[in-house]
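What follows is a set of notes on a single structure, which appears directly below.
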Amino acid sequence: MIEKAVMTVLLLLTIGAFAFRAKQLVGYIGLGAEEDRKPRDWKRKLKDQLVVVLGQRKLLQWTVPGVLHLFIFWGFMVLFTTIIEAFGAVYQTGFHIPLIGKWGPLGALQDLFVVAVLIGIIGGFIIRRGQQPGRYKGSHTKEAEYILYAIFGIMITILFTRGAEISLGYFPYDPAWTPASNLASKAFSSLGHEAREAWDTVFLWWHSLIILAFLVYITYSKHLHIITSGANVLFVSERPKGALKPMHIDIENMGEDDTFGAGKLTDLTWKQMLDGMTCTECGRCQSQCPAWNTGKPLNPKLLIMDIRDHMFDYGPALLAAKQEGPEAYAAALETLPPLNPEIIEDEVIWDCTTCGACVQACPVDIEHIDHIIDMRRNLVMTESRFPREMQSALNNMETTGNPWGQPPQARLEWTQGTSKQEALEIPHISEAPDAEVLFWVGCAGAFDDRNKKVVYDFAKLMQLANVKFAILGGEESCNGDPARRMGAEYIYQMLAEQNIETLNNYKVKKIVTICPHCFNTMFNEYPQFGGYFEVMHHTEYLAELMRDGRLKPEGEINRKVTYHDPCYNARHNDVWKGAREVIEGIPGTEYGELKRHGHSTFCCGAGGGRMWMEERMGKKVNIERTDEALASASDTVAVGCPFCNIMLSDGITERGADDQMQVKDVATLLLQSIEFHPESSVAAGNGNGSETHGRNGNGSNGSED
Ligand code: SF4
Ligand code: SF4
């Protein structure tokens, strides 16, 4: 009787403590700014719950720790039944769950997962203590170990409680279904009935007390994710992966005192508060971050943890003030320090290339880029505080419509080719209303010398394939990606609205571009401003032309080729197949993947507006990627992005490896093969004089670079 009374009191205390903390945490989430995250695409939401939460798909990107976590996660799901049984047994000897509580397969499943969880825990210890992966640097590793001890305790005590019950004869399942518990029962075989009962009580209470303590402890620890991750995945943005959060600005009526983005804690949205609570401190994001891995201060895990700690520091006072009334709350808000640089250094915010590796890696769908861009928006538009070298790119975009600051008429220079090439006649869209596609050249293609050759080659390929296409010429403007990712949303909005108007005026439906940033912005972000276009990246378009037999590469180019996936294609848009299809379809190519490719590609360092910022700390991101390419067995690194082209070309030159490796856009390689005039410069550089061969042996003409 006394046992039942004590357990009832403990249960009520635990439920009370849990409810108190839950109310507090919900209050913290409510401190965040409003954001519409109402689930609409229920098919996707269901899939996310099944695949990301129950299937642990993102954790399984790291096979061994993923499987170990899967054991523990599913163990808790199944062993929820043993928890009910344990508490029931305190109140009634031989308790079983109604209907299913004596069903052998359930007992077997419980046994199986007790063992699986124990394997998961031991594996977790080996990884943490033995391997000590760098991704845990900065995490609360002691706290994680306490949790592992607690779970280990829960498993051992459930096993011996079940063993004792078997030995006493009131185990609800047939022991033949539960070999592990049956084995544990042998520990009691030499004891008398009373001793067995005593041990049963000890293990049962031990088990119950750990669970009660665990329930309260997790709400104050990083293991809060056990409770919040399902919700965090449920409320993940339904935007396309590559699209930033929309922010419509009334440009005409912008005032001096207007504030934008996230300057203080409560400017972050409620979902960003939930992100903070959900971080498991697993460090998967940090292990993938190009900034952190090249010695920069930005660490996406620490960024989220810093915001969370700040929320926990100021949350209680803010909640209390909120209860007092609007005046007290307004006064409490005044005490909040600015997020930058007080909580997070400015440098951290500017280091991000928006590559998306962190978001891709995060097992609980935390959206780091949203946090960073919101803080950039505040720094640029409210504080006017940003790296000084950004200024000219922003001014240029605002005044000339491109970061290079070139006049609109210069956008057509590439059509003239080099001195050895024929000029291309390409109609303006107004002269070709029946054009199949609009070729969106992009600023890098129009103004950067290396990339002028790429757009020339791609246009030549379209002509060879008899594609009816047209360009906008001087009417094209920057798509706005650099401005938006630098935090200058009003410049982005201005450029986006202008481009959408131009494209709609010419009734453009289908666009093809050589730039993943143009592709991503126009395809994923222009719909936020009412611009709906079919947009294709040129690698996909070329693959389609080859499939349709409109382009037939026949000349052997004799190159060992690898491909550097641009983040804005592969990771943000799942676009990577076309480039490989084209390269592998070119005769004389020996193709090999880089270590990090596809979804797991490594940034070139130019994204997120970093193209126009100095890299002052650590190893340069482009050099890190260049080194990876140089370590491959290839002599050519193919690219599908003008910025990657620049960054890798510069990297190879900086490494003094121009004789060892060349950077070539996929279009250039294809044109070389089709025109039977692949270059021999790699061979010449290597001194082996090897030649390339077309079927007609013609070694003249073709693209020059
Ligand atoms: S987007 Fe890329 S650079 Fe930015 S924090 Fe994430 S991993 Fe790091
Ligand atoms: S943000 Fe995500 S990936 Fe990074 S440590 Fe937290 S849970 Fe892990």
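Numbering (the working numbering), first residue to last: 109 to 813. We put the CB at the ideal spot given by N, CA and C, even for glycine.
Through-space distance from residue j to residue i, alpha-carbon basis
| i | j | result |
| --- | --- | --- |
| Val209 | Asp682 | A quick correction: the sequence has Gly, not Val, at residue 209. So the alpha carbons of these two residues sit roughly 46 Å apart. |
| Lys349 | Tyr676 | 10 Å |
| Ile691 | Thr697 | 7 Å |
| Val790 | Glu497 | In this prediction, Val790 scores a pLDDT of 38, lower than 50, which makes its location untrustworthy; the coordinate-derived value is nonetheless stated afterwards. Between Val790 and Glu497, the C-alpha separation is close to 36 Å. |
| Thr336 | Ile452 | 24 Å |
| Pro449 | Phe494 | 12 Å |
| Ile326 | Ala130 | 11 Å |
| Glu360 | Tyr598 | 10 Å |
| Asp766 | Thr744 | 10 Å |
| Phe368 | Leu187 | 48 Å |
| Lys576 | Ile622 | 17 Å |
| Cys470 | Cys393 | 6 Å |
| Trp341 | Lys660 | The sequence given here places Val at residue 341; Trp does not occur at that position. Their Cα atoms are separated by approximately 45 Å. |
| Ala737 | Met755 | 12 Å |
| Met413 | Ala252 | 15 Å |
| Ser446 | Gly232 | Sequence check: residue 446 is Pro here, not Ser. Cα-Cα distance, rounded: 38 Å. |
| Ala792 | Pro750 | Unreliable placement is indicated for Ala792, whose pLDDT of 35 sits below 50; no coordinate value is reported for it. |
| Ala125 | Asp282 | 38 Å |
| Gly391 | Leu176 | 16 Å |
| Gly805 | Pro695 | In this prediction, Gly805 has a pLDDT of 33, which is less than 50 and means its spatial position is unreliable; nothing more can be read from the coordinates. |
| Ser811 | Gln514 | Low confidence applies to Ser811: its pLDDT is 43, below 50, so where it sits in the model is not reliable, and the reading given next is rough at best. For Ser811 and Gln514, the distance between alpha carbons rounds to 25 Å. |
| Glu664 | Gln396 | 37 Å |
| Phe181 | Gly595 | 39 Å |
| Ile481 | Glu389 | 21 Å |
| Met109 | Leu312 | 16 Å |
| Ile782 | Cys551 | 27 Å |
| Met644 | Ile619 | 6 Å |
| Ser345 | Asp156 | 12 Å |
| Met263 | Pro280 | 18 Å |
| Ala543 | Asp358 | 35 Å |
Those residues which DSSP pairs with residue i across a bridge
| i | result |
| --- | --- |
| Val745 | Thr670 and Val771 |
| Val643 | Ile619 |
| Ile579 | His536 |
| Tyr325 | The partner list for Tyr325 (beta bridge, DSSP) is empty, contrary to what the question assumes. |
| Leu546 | Ala578 and Ile619 |
| Thr377 | Ala141 |
| Glu662 | Answer is none; Glu662 lacks a bridge partner. |
| Thr697 | Arg667 |
Contact test: residue i Cβ vs ligand 2 heavy atom, cutoff 6 Å
| i | result |
| --- | --- |
| Arg679 | no |
| Arg392 | yes |
| Glu389 | yes |
| Ile412 | yes |
| Cys463 | no |
| Lys245 | no |
| Cys823 | Within the shown structure, residues of the chain are numbered from 109 to 813, placing residue 823 beyond reach of any answer. |
| Lys409 | yes |
| Ile180 | no |
| Ile760 | no |
| Ile474 | yes |
Chain B contact for residue i (CB, 7 Å cutoff)
| i | result |
| --- | --- |
| Tyr634 | No chain B appears in this structure, which consists of one protein chain only. |
Residue i: CB within 6 Å of a non-hydrogen atom of ligand 1
| i | result |
| --- | --- |
| Cys397 | yes |
| Cys470 | no |
| Cys626 | no |
| Ile191 | no |
| Ile477 | yes |
| Cys466 | yes |
- prompt: Would you say the region 592-605 touches the region 558-570, given that touching needs at least three Cβ pairs under 8 Å?
  reply: Counting C-beta pairs closer than 8 Å gives fewer than three between the region 592-605 and the region 558-570, which falls short of the contact rule.
Determine, using beta-carbon pairs with one atom in the region 533-541 and one in the region 628-643, whether at least three such pairs fall under 8 Å.
-> Under the three-pair Cβ rule at 8 Å, the region 533-541 does not count as touching the region 628-643.
Check your understanding: Touching or not, the region 370-380 and the region 141-157, by the rule of three or more beta carbon pairs under 8 Å?
Key -> yes
Counting pairs of Cβ atoms below 8 Å between the region 542-562 and the region 763-777, do you hit three or more? A contact between stretches requires three or more CB pairs, one per stretch, nearer than 8 Å, and the region 542-562 meets this requirement with the region 763-777.
Practice task
Give a yes or no on contact between the region 701-713 and the region 725-735, applying the rule of three or more CB pairs nearer than 8 Å.
Solution key: yes
Whether or not the region 503-523 and the region 418-426 are in contact is what I'm after, with contact meaning three or more pairs of Cβ atoms, one per stretch, closer than 8 Å; do they touch?
These segments do not touch.
Review point. Is it true that the region 307-317 meets the region 267-283, where meeting means three or more beta-carbon pairs spaced less than 8 Å apart?
Key: yes
Pairing CB atoms from the region 109-120 with CB atoms from the region 191-201, are three or more of them under 8 Å? Here the region 109-120 lies against the region 191-201, with 3 or more beta-carbon pairs under 8 Å apart.
Can we say the region 285-302 touches the region 232-243, given the rule of at least three CB pairs closer than 8 Å?
-> These segments do not touch.
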